[in-house]
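Notes follow the structure.
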Amino acid sequence: MDNREIKNILAEEFLKFQSKLNGQKTSTINAIRQEAFNAIKNLELPTRKSEAWRFTNVSWLNEHDFLLRNGNPDINLSNEDIEPFTIKDLNENLLVFVNGTFSEKLSRIKYPRDEIIIESFRDAEKRNAPNLLKHFSLLADYKNDFFTALNTAFAKDGVYVNVPAGVIIDEPIHVMFISDTRQGAVMSNPRNIFLIGKCSQINVVETYHTIGDNPAFTNMVTEIFMNFATHFEFNKIQNDKGNSYYIGTTQVEQAKNSVFNASTITMSGRFIRNNMYTAFKEENAETNLNGFYFMRNNDFVDNHTLIDHAVPNCNSNEFYKGILDDSAKAVFNGKVIVRPNAQKTNAYQQNKNILLTDDSKINTKPELEIYADDVKCSHGATTGYLDKEAMFYLRSRGISEEMAKSLLLNSFASEVIERIKIAELRDDIKRQVADRLTVDDLYFCDVLGDVFKAIENKQ
Amino acid sequence: MIEEKDIVEELTTTDYKYGFYTDIENETSSKGLNEDVIRFISKKKNEPEFMLQWRLKAYNYWKNMKQPNWAKLNIPPIDYQEIYYYAAPKKNSKPKSLDEVDPEILKTFEKLGIPLGERAKLAGVAVDAVMDSVSVSTSFKDKLGELGIIFCSISEALEHHPELVKKYLGSVVPMTDNYFAALNSAVFSDGSFCYIPKGVRCPMELSTYFRINAKSSGQFERTLIIADEGSYVSYLEGCSAPMRDENQLHAAVVELIAHDNAEIKYSTVQNWYPGDKNGKGGIYNFVTKRGICHNHSKISWTQVETGSAITWKYPSCILKGDYSVGEFYSVALTNNYQQADTGTKMIHLGRNSKSRIVSKGISAGKSQNSYRGLVSVSKKAENARNFSQCDSLLLGDKCGAHTFPYIDTNNRTAVIEHEATTSKISDEIIFYCNQRGIATEDAIGLIVNGYAKEVLNQLPMEFAVEAQKLLAVSLEGSVG
Numbered sequence: 051m052d053n054r055e056i057k058n059i060l061a062e063e064f065l066k067f068q069s070k071l072n073g074q075k076t077s078t079i080n081a082i083r084q085e086a087f088n089a090i091k092n093l094e095l096p097t098r099k100s101e102a103w104r105f106t107n108v109s110w111l112n113e114h115d116f117l118l119r120n121g122n123p124d125i126n127l128s129n130e131d132i133e134p135f136t137i138k139d140l141n142e143n144l145l146v147f148v149n150g151t152f153s154e155k156l157s158r159i160k161y162p163r164d165e166i167i168i169e170s171f172r173d174a175e176k177r178n179a180p181n182l183l184k185h186f187s188l189l190a191d192y193k194n195d196f197f198t199a200l201n202t203a204f205a206k207d208g209v210y211v212n213v214p215a216g217v218i219i220d221e222p223i224h225v226m227f228i229s230d231t232r233q234g235a236v237m238s239n240p241r242n243i244f245l246i247g248k249c250s251q252i253n254v255v256e257t258y259h260t261i262g263d264n265p266a267f268t269n270m271v272t273e274i275f276m277n278f279a280t281h282f283e284f285n286k287i288q289n290d291k292g293n294s295y296y297i298g299t300t301q302v303e304q305a306k307n308s309v310f311n312a313s314t315i316t317m318s319g320r321f322i323r324n325n326m327y328t329a330f331k332e333e334n335a336e337t338n339l340n341g342f343y344f345m346r347n348n349d350f351v352d353n354h355t356l357i358d359h360a361v362p363n364c365n366s367n368e369f370y371k372g373i374l375d376d377s378a379k380a381v382f383n384g385k386v387i388v389r390p391n392a393q394k395t396n397a398y399q400q401n402k403n404i405l406l407t408d409d410s411k412i413n414t415k416p417e418l419e420i421y422a423d424d425v426k427c428s429h430g431a432t433t434g435y436l437d438k439e440a441m442f443y444l445r446s447r448g449i450s451e452e453m454a455k456s457l458l459l460n461s462f463a464s465e466v467i468e469r470i471k472i473a474e475l476r477d478d479i480k481r482q483v484a485d486r487l488t489v490d491d492l493y494f495c496d497v498l499g500d501v502f503k504a505i506e507n508k509q
Numbered sequence: 006m007i008e009e010k011d012i013v014e015e016l017t018t019t020d021y022k023y024g025f026y027t028d029i030e031n032e033t034s035s036k037g038l039n040e041d042v043i044r045f046i047s048k049k050k051n052e053p054e055f056m057l058q059w060r061l062k063a064y065n066y067w068k069n070m071k072q073p074n075w076a077k078l079n080i081p082p083i084d085y086q087e088i089y090y091y092a093a094p095k096k097n098s099k100p101k102s103l104d105e106v107d108p109e110i111l112k113t114f115e116k117l118g119i120p121l122g123e124r125a126k127l128a129g130v131a132v133d134a135v136m137d138s139v140s141v142s143t144s145f146k147d148k149l150g151e152l153g154i155i156f157c158s159i160s161e162a163l164e165h166h167p168e169l170v171k172k173y174l175g176s177v178v179p180m181t182d183n184y185f186a187a188l189n190s191a192v193f194s195d196g197s198f199c200y201i202p203k204g205v206r207c208p209m210e211l212s213t214y215f216r217i218n219a220k221s222s223g224q225f226e227r228t229l230i231i232a233d234e235g236s237y238v239s240y241l242e243g244c245s246a247p248m249r250d251e252n253q254l255h256a257a258v259v260e261l262i263a264h265d266n267a268e269i270k271y272s273t274v275q276n277w278y279p280g281d282k283n284g285k286g287g288i289y290n291f292v293t294k295r296g297i298c299h300n301h302s303k304i305s306w307t308q309v310e311t312g313s314a315i316t317w318k319y320p321s322c323i324l325k326g327d328y329s330v331g332e333f334y335s336v337a338l339t340n341n342y343q344q345a346d347t348g349t350k351m352i353h354l355g356r357n358s359k360s361r362i363v364s365k366g367i368s369a370g371k372s373q374n375s376y377r378g379l380v381s382v383s384k385k386a387e388n389a390r391n392f393s394q395c396d397s398l399l400l401g402d403k404c405g406a407h408t409f410p411y412i413d414t415n416n417r418t419a420v421i422e423h424e425a426t427t428s429k430i431s432d433e434i435i436f437y438c439n440q441r442g443i444a445t446e447d448a449i450g451l452i453v454n455g456y457a458k459e460v461l462n463q464l465p466m467e468f469a470v471e472a473q474k475l476l477a478v479s480l481e482g483s484v485g
């Protein structure tokens, strides 16, 4: 399928989509949808010739006819269906989206609407929520990015959170995106907006799941607006089936004294592309981007991050680690821009990888673009196999090679996983990693991790 | 310390020391590029037929190519039909001794401080000096000849050793490699050729000076160095060009071939005219440099880049052989409106191949300085090892320092480490120096030299001194 055919299909689909909209047709949001659709006409599906997609092939979009699958077949899921996807012991606000549409039946929102707005994008649009209209697509670059434009043109549902000033939300907001492919392949375009009022705190967990054996494609855009002294814990947990495809763009705008912490954990998925873009709008803000990917089989993960130091006195920290097994492939592209006058910037970037087989592959590119002089920026990238000395240490103490390998990988992973702030979630991820590595004794692993950290520090 | 002071003094009074223009009549090809011009160049140089065909083939490739725009450079449009592709000093009967060399040219070299004739012997350097396009003087040929070393211009090599040229030319940088390499392949005027026979250790540093002289004649150098099994050679290349307002195009190609157990050390001090303080004029330097390493061989690139308005240069190593070693040491300094996008590629194909990258970028004024590098480990390159360190130093808040490292790993036994930092000279260090009676400008000179020392140490002695001076010269006016 070439670009023209893609555009013809999209034109038809867009007409269909528009005809299903009722009262929302004249809203400002729909005007932006139209704009985004017009932008698609001039955009091409990214190929490997463009720098941002150099190692990332999206030809599967055609193979599975995803563009024709933007529907929402009648689906009836029960609480039992989503039971396996919940996080153990987590006291949460649960929002469930099935094929991109909010399911009120499956969701559990604990806060009354008049205090904290946690609702679906669709509901917010219906009632013309003023803040939604004001902020929709302020950050998303729907004019230049194909997939953002696609999402914007077809945006109809997602999470809308509007936290007033001075509220600390203890229970995490768990957003579950489910693709039910039992009736065929599915594409969904969830659109999320988070508005955090001054001095408020919020924890968000996003998980992705596929039911059925057909392929699913989730094309998501999330916009996060952080006010003065806000605190945002953002956790993306990607442990989906082998035939799920995901492209997600998260755009964050940070005001003074705000702190944005993100953990992106990717355990499986046929194709995953995470775009994480944060921009400092005011001084003294901080961003910490953590990532861990552990891919097997033929899976593919691509983490693109961009931290835009547009103003002085901001800190950013980026820490991504990955383990690649079988014929898994990973791409890491971290970019830090320090704009003119953004003095006293501190920006650190790390990417560490372990390849377990000769068929696995990693392409990493930690970039720095610096236009100010009074800055401290550094980046590092390593690729390697397991540390021979650490291996010997364990082997000489009678631990089998398999076990030693598992223990070392587990401690490699824990450095990132430990940074997850929600304890229940952290334990859950630890369990998942340990299960995959067939490590029984988590406690032993933790102790061992500490030992190696101590050795490293001594060196 | 006194010397440091002299340097700074010198800089503040001189703008571009090597900016002068020698008035020598030129014999030029007609303006622009077409098949006739290529035939003219080939005929002028009495080239064998295969060379002409090779050039024409390259030209036909080039015609269908587009100038690359992926680098972080702002390149003004270049009109390739406005350039003279061939200019040679008119007295083109080949000189047999120094007396026959045009005195004007000799004067030029004197100003540049090239050891030629007597001075060449004292300095122990064999210079194959190239002015514009035709090699005008060659020294130490006899001494090298005794060892079987061939060191001459490419034109001479085509005349006397066509089989070697035919075998190796384009074998590392094929004519289709990139836009500028194709252009060079079509129109290259002259350059150096060097062949070190099996097991011979070249007793002296071989060096060549390239200069751009004739008005608006782009210079297209082609260098080919072959180190046969078990041999060693150290090659120096130095550049400086007359001050000129128009932009001049320079698209060189350098190919190195290191056979089993051979070692090639290639050092460059590049000081083309960088343009004036307002970014007017200056040389466009688009260079393709690449070497291939066979088993147990080593190629080491060392470069000090201070000149050119635009630098586009990535000296690379293809580590084809097992246990082969590639090294890249670079200091790139940009000032005023200079732009540099430079770095290296280390392609690990052989088992146990190793590479090391040390890049030091210094940006001052309103310049943009980028490091762009690739470390790639193929599936079969077991136990490949790479270490890269790319540091950037910013002087002033109007300049930019950028790092674009690409690391592609396909083998689990490979160990790749990349490290980069960006910083400025801290106030504490300056204060420390001031306290001890060292003026700020001197202090910066000291610190920059110390910062670049790791790379400068790799240069041969005479070059290291020159390079230190160059760093200071190029930084002139950036303090304050």
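Protein sequences appear in the order of chains G and E. Under this note's numbering, the first residue of the first sequence carries the number 51, and numbering increases by one thereafter. Under this note's numbering, the first residue of the second sequence carries the number 6, and numbering increases by one thereafter. Every residue, glycine too, gets a C-beta built ideally from N, C-alpha and C.
I want to see whether chain G comes within less than 8 Å of residue i, judged by CB atoms only; does it?
i, result
"G366/E", "no"
"K384/E", "yes"
"N340/E", "no"
"G511/E", "Residue coverage of chain E in this structure runs from 6 to 485, which leaves residue 511/E outside it and unanswerable."
"R417/E", "yes"
Does any residue of chain E bring its CB to less than 8 Å from the CB of residue i?
i, result
"N107/G", "no"
"P96/G", "no"
"T268/G", "no"
"D408/G", "yes"
"I261/G", "no"
"N413/G", "yes"
"E452/G", "no"
"P362/G", "no"
"Y421/G", "yes"
Suppose you measure from the CA of residue i to the CA of residue j; what does that come to, to the nearest Å?
i, j, result
"I404/G", "E273/G", "32 Å"
"E165/G", "I137/G", "26 Å"
"K471/G", "L458/G", "23 Å"
"W67/E", "Y184/E", "6 Å"
"A431/G", "T407/G", "19 Å"
"F409/E", "K48/E", "43 Å"
"K3/E", "K426/G", "Because chain E in this structure spans residues 6 to 485, residue 3/E falls outside the shown range and cannot be described."
"Y398/G", "Y173/E", "45 Å"
"T339/E", "G319/G", "45 Å"
"I217/E", "S335/E", "Reliability of the predicted coordinates at I217/E is poor, the pLDDT of 49 falling under 50, and the value obtained from them is presented with this limitation in mind. Those two C-alpha atoms are separated by around 23 Å."
"T426/E", "A174/G", "46 Å"
"N311/G", "F330/G", "14 Å"
Let's see if you can read the secondary structure: which residues bound the beta strand (DSSP E) around residue i?
i, result
"L38/E", "That residue, L38/E, is in no beta strand (DSSP E); it is neither H nor E in DSSP."
"I228/G", "223-230"
"A306/E", "First, the amino acid is wrong: residue 306/E is Trp here, not Ala. Note, W306/E: beta strand (DSSP E), 303-310."
"D432/E", "D432/E -> not in any beta strand (DSSP E); alpha helix (DSSP H) instead, spanning 432-440."
"S272/E", "268-275"
"D358/G", "350-359"
"M326/G", "321-330"
How far does the alpha helix (DSSP H) with residue i in it reach, from first residue to last?
i, result
"W75/E", "Unbroken run through W75/E: none, as it is neither H nor E."
"E164/E", "159-165"
Tell me which residues of the segment 423-441 of chain G have at least one Cβ-Cβ distance to chain E shorter than 7 Å, keeping chain order.
Of all residues in the segment 423-441 of chain G, D423, D424, V425, K426, C427, S428, H429, G430, A431, T432, T433, G434, Y435 have a Cβ within less than 7 Å of some Cβ in chain E.
Could I get the ranges of all uninterrupted alpha helix (DSSP H) runs contained in the segment 81-152 of chain G, with 4 residues as the minimum, in chain order?
110-113, 129-132
Closer than 7 Å, Cβ to Cβ, to anything on chain E: give me those residues from the segment 328-356 of chain G, in chain order.
Listed by position along the chain: nothing, the set is empty.
What are the residues in the segment 61-73 of chain G lying within 9 Å of chain E by C-beta distance?
none
Which residues, taken in chain order from the segment 423-434 of chain E, show a beta carbon closer than 8 Å to some beta carbon of chain G?
H423, E424, A425, T426, T427, S428, K429
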